[in-house]
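Below is one structure; the comments refer to it alone.
Chains as they are written, first to last, in this note's numbering: chain A, 23 to 458; chain B, 43 to 380.
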């Protein structure tokens, strides 16, 4: 008969199967026994709990600067308006570009903010501003949105990454990747996927079987636990957590594999890379990843703006609508915030190449889902779109709104040494009109 | 034969002009505009003031004359016939196309109108009755990279028997006007730049077409390969084909920008090209000798051009301007199929 007592003595032989089985039953090692996070989280109790409580965020980053006039704030008939018409959405009084008929039917999930004045028309500077909600100070590197949400919404010991970023185009990539954890530290940095849909270098070597991999992990944990008896150390716990996270991340490769989705789901998102990455984002948040950025580059339409947007906006419309539908169908939308944002918008003036140039004085973003009063519009630009005439907001207000929507106190302080550093600058208020 | 091109008039505008037609034996122009109107403008006047024809609800991208009627097409998908004396619409086809109309052409005998749009269909219409004659369908609705395609241009041959259409990805189809069947095709893929690495989007397409006077050659214009698809900062490009054999005969490049208009000389093989990038340009090319005769700048990005009867003058319409230019030592480039 095989004993199931393990003390290291040769008088108490360790059965490999029993050893693994015991470990599998131990708290915190469930992820080792079943290396597919989705399967673990797919148990009704766990998934229901996630759906109820955990907040998540998907940022659709429209890199290069999408035109607000060809998306969320059309000005048909104005000298700056361009050729596209505006269409009525399902919410009376709200019109968006005719290039977005699907979102027009789903605007009840979405708040449009039309009054961004962020004063930075530079790709790099604008990206940093709009990913951090503020400009860096000398000697103080602020974390970006993904790092903050990884910190605030991530679960201790989570087997899945907390901050994932997709950015496949080469243009503008280094404006936002790698993600910036700033003073929060590397623990909250991003997992960046640029050349592949699947993280690289996370697979176990081919010469090691699953069983051996599990056995190694189990042995390491066993030895560590033995060492910890009678000792108390943050670094020991951190060390163990790091190994758990590594194993978890190795197991999470399957989360990125959209071929595991039914074909009809994959068909719904469509064949483009943006659609595929949005589907991956849904899989990730469903598994508990708090923040995923899907970067869709490159909207910088200095020439042939209307044809560029004729190409890209229907794709955005389709992908965003599909993502919202999918999240809603899975009961995730009420706890998932979906954002469209960029480094800036585009000029109302049409240049000689039928293009629009950089413009940060009156542009738009959207917030959908968690904590948001859908079917609302905040702020106005003038009839030509040249300036904000009502409800001007900047990056700080947008971030305060995001944090509030996700249930995060935007007044809370981090500490850098002894210095308190608030999430948003003192006095910053969220846009309450778009909050549920 | 050397050419001298002299700008004799520049008329500044607040709008962008996409298309121009000229009333024969006059300086009276009809201009399709970004302000959604057609403008009736006599450029011989000292301070020309346009009279407006109002009826479209988006950019007017095509204006062509058929007898005593002017026909306009727009991004709103409508075709409108206009009485020029009263400047009133006499016929409106509301849903001539379900997506944005990009261009028009009228057959040399004035009996047929061709319209092309981003629903990827060319339609032939009776210019007198407005009855649709044929749907010329065959251009793919999606690009190879799964995005919506666009159908930019159409042109009739001098004998009116054939029509050519050109799209976003460089496909050109030639049709029998009588039967509506496709009878040929040529490919100009260099005119379409898909950037799947840096910017993951595209630019370009076949923007201009012209048949040679004998109908055997077809010139195709646009912009060549672009490194940065944020703008049309690539070499303007024209390719000339023996279309029946699908054989490219020659190609030439010019100033940075995109060719928006082509027209063959009816008597001596010159090929005229005009377009723009940040500014405008024109080119005269000798297809038989395969040599550039003359090229130069124009003060605006040019979208369309029309000539007078003896080819001593051309009228260019584009970004915020109309330009009237005189040509010396030219042959006769008359208006055909345009």
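For each residue, glycine too, the CB sits at the ideal point set by N, CA and C.
- Secondary structure of residue 207/A (DSSP, three-state): coil.
- Taking C-alpha positions only, residue 150/A is separated from residue 82/A by approximately 15 Å.
- The shortest C-alpha to C-alpha distance from residue 57/B to any of 102/B, 86/B, 325/B and 256/B is the one to 102/B.
- For the stretch 345-363 of chain A, there are no residues whose beta carbon sits under 8 Å from a beta carbon of chain B.
- For residue 241/B, at least one C-beta of chain A is nearer than 9 Å to its own C-beta.
- Where residue 234/B is concerned, there is no enclosing alpha helix (DSSP H), although the beta strand (DSSP E) around it starts and stops at 234-237.
- In this structure, residue 308/B sits away from residue 325/B, with a CB-CB distance that is not shorter than 9 Å.
- Cβ-Cβ distances below 8 Å link residue 287/A to 301 and 348 in the same chain, with the five nearest sequence neighbours on each side left out; the list follows chain order.
- The Cβ-Cβ distance between residue 115/B and residue 105/B falls below 9 Å.
- Nearest CB-CB separation between residue 230/B and chain A: not below the 9 Å threshold.
- Straight across, the Cα-Cα distance linking residue 59/B with residue 133/B is about 23 Å.
- In the structure shown, residue 185/A falls within a strand segment according to DSSP collapsed to helix, strand and coil.
- Closest by C-alpha distance to residue 336/A, out of 102/A, 124/A and 75/A, is 124/A.
- Secondary structure in the stretch 141-211 of chain B: the beta strand (DSSP E) runs of 3 residues or longer, each lying completely within the stretch, are 143-148, 154-159, 163-168, 174-179, 193-198 and 204-209 in chain order.
- In this structure the stretch 202-216 of chain A does not lie against the stretch 323-339 of chain A, because fewer than three pairs of beta carbons, one per stretch, are closer than 8 Å.
- At a cut-off of 9 Å, the C-beta of residue 137/B has no neighbouring C-beta in chain A.
- Per DSSP, the continuous alpha helix (DSSP H) segment holding residue 331/A begins and ends at 327-351.
- Nearest CB-CB separation between residue 274/B and chain A: below the 9 Å threshold.
- Per DSSP, the unbroken beta strand (DSSP E) holding residue 54/B starts and ends at 46-64.
- Cα atoms of residue 224/A and residue 271/A: separation of roughly 7 Å, rounded to the nearest angstrom.
- 425/A is the residue among 425/A, 282/A, 297/A and 446/A whose C-alpha sits nearest the C-alpha of residue 172/A.
- Under the criterion of beta carbons closer than 8 Å, residue 199/B and residue 213/B do not qualify as touching, at roughly 18 Å.
- For residue 245/B, the chain A residues whose C-beta falls within less than 8 Å of its own C-beta are 325, 326, 329 and 330, listed in chain order.
- When Cβ-Cβ separations below 9 Å define contact, residue 181/B makes no contact with chain A.
- Within 9 Å of the CB of residue 99/B, the CB atoms of chain A belong to 98, 99 and 107, in sequence order along the chain.
- In terms of beta-carbon proximity, residue 189/B lines the interface with chain A, with at least one pair separated by less than 9 Å.
- Taking 3 residues as the minimum length, the beta strand (DSSP E) runs contained wholly in the stretch 95-126 of chain A are 108-110 and 117-119, in order along the chain.
- Excluding its 5 nearest sequence neighbours in each direction, residue 303/B has C-beta neighbours in its own chain below 6 Å: 250, 316, 346 and 347, listed in chain order.
- Here the alpha carbon of residue 184/B sits roughly 10 Å from the alpha carbon of residue 161/B.
- Note that the stretch 379-390 of chain A does not touch the stretch 100-118 of chain A; fewer than 3 beta-carbon pairs, one per stretch, sit closer than 8 Å.
- Inter-segment contact for the stretch 147-164 of chain A and the stretch 371-379 of chain A is absent: fewer than three beta-carbon pairs are separated by less than 8 Å.
- Contact annotation: residue 351/A and residue 392/A have beta-carbon atoms that are not nearer than 9 Å.
- Annotated three-state conformation of residue 358/B is strand, per DSSP.
- At a beta-carbon threshold of 8 Å, none of the residues of chain B lie near residue 83/A; the nearest stands roughly 13 Å away.
- Listed along the chain, the chain B residues whose CB falls inside 9 Å of the CB of residue 406/A amount to none; the nearest CB is some 13 Å away.
- Judged by DSSP secondary structure, residue 281/B falls outside any alpha helix (DSSP H) and instead within the beta strand (DSSP E) spanning 277-284.
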